[in-house]
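Here's the structure we're looking at; comments come further down.
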Amino acid sequence: MTEYATLRKQIVGDVKTTKSQYDSMLNDPDIASGDIRAFYESYYKLHNAHNALFEHDRANHLIIKTAIDSLRG
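Taking full-length UniProt numbering, the leading residue of the sequence shown gets 1, the next gets one more, and so forth.
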């Protein structure tokens, strides 16, 4: 269970890292307009990192909901 508890911190760290990489590419017009593939891959990584965070939160919500429903009987 400790792996699950630390997973959110790891995912948030990934989101912050990919967000800073994306922002640096976005702020540099030479990279943003010159290498479209790298810009797209940076955005794709950011999108996937956000999806991983949302899925983790959704799974956590379902675990709590299932536990509460089982207590209600």
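From the three backbone atoms N, C-alpha and C, an ideal C-beta is built for every residue, glycine too. As the structure is a computational prediction, the values presented were derived from the model and not from experiment.
Would you say E55 lies against chain C (beta-carbon separation less than 9 Å)? Within the model displayed, chain C is absent; a lone protein chain is all it includes.
Starting from the C-beta of I31, find all residues in its chain whose C-beta is less than 6 Å away, skip the five residues before and the five after it, and write them out in chain order. Along the sequence shown, one-based indexing puts residue 31 at 31. Hits under 6 Å: M25.
What is the residue span of the alpha helix (DSSP H) that G13 lies within? Taking the first residue of the sequence shown as 1, we reach residue 13 at position 13. Per DSSP, the unbroken alpha helix (DSSP H) holding G13 starts and ends at T2 to N27.
Which class does D35 belong to by DSSP, given the choice of helix, strand or coil? Residue numbering aside, residue 35 sits at position 35 when the sequence shown is read from its first letter. Three-state result, D35: coil.
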